[in-house]
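Under our numbering, think of the first position of the sequence shown as 23, with each following residue one higher.
Following: one structure in C-alpha cells, then a few remarks.
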Amino acid sequence: MSNLGLGGKIMAAAEYVQARSEYVIRYFEHGEMQWMTIVADSKKQAYQQYLELGKKSCDLFMIWPDQ
Numbered sequence: 023m024s025n026l027g028l029g030g031k032i033m034a035a036a037e038y039v040q041a042r043s044e045y046v047i048r049y050f051e052h053g054e055m056q057w058m059t060i061v062a063d064s065k066k067q068a069y070q071q072y073l074e075l076g077k078k079s080c081d082l083f084m085i086w087p088d089q
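What follows is the structure, encoded as C-alpha cells:
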C-alpha cells in the first residue's frame, strides 16, 4: 500500500490528466468541413481514435496542435 496519502494521489492524478492533450481534428464529410475534439496522449493516438470512429484517412484535413 502506498504511503502517498490523499494529497499524493490527487497530485498523481493531476499529473496524468496534464499529460493528456486535446486535439482538434478537422475533416471533410459529405463535402463540408467538420471538426471534433479528442483527448489523447499523443497526436498519433488521436489519429487512431479518429480512424476507430469510422472516419477515413483521405478525408482528414488536419490535427492540431502539431506536437
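For each residue, glycine too, the CB sits at the ideal point set by N, CA and C.
Small disclaimer: the values here were computed from a predicted structure and weren't measured.
**Item:** residue 68 classed as buried or exposed, judged by whether at least 16 other C-beta atoms fall within 10 angstroms
**Value:** For residue 68, the number of other beta carbons within 10 angstroms of its own is at least 16, and it is reported as buried.
Task: 8 Å contact criterion, which residue 72 and residue 60 should meet: CB distance rounded - done: That belief holds up - the Cβ atoms of residue 72 and residue 60 are roughly 7 Å apart, short of 8 Å.
message: DSSP three-state label for residue 75, please.
response: Assigned with DSSP and collapsed to three states, residue 75 falls in coil, not helix or strand.
Relative to the alpha-carbon of residue 55, which residue among 86, 87, 88, 81 has its alpha-carbon at the smallest distance? In this structure, 81 is the residue among 86, 87, 88, 81 with its C-alpha nearest to the C-alpha of residue 55.
Q. Once you ignore the five residues that flank residue 42 on each side, which residues in its own chain have a CB closer than 8 Å to its CB?
A. 61, 62, 63, listed in sequence order.
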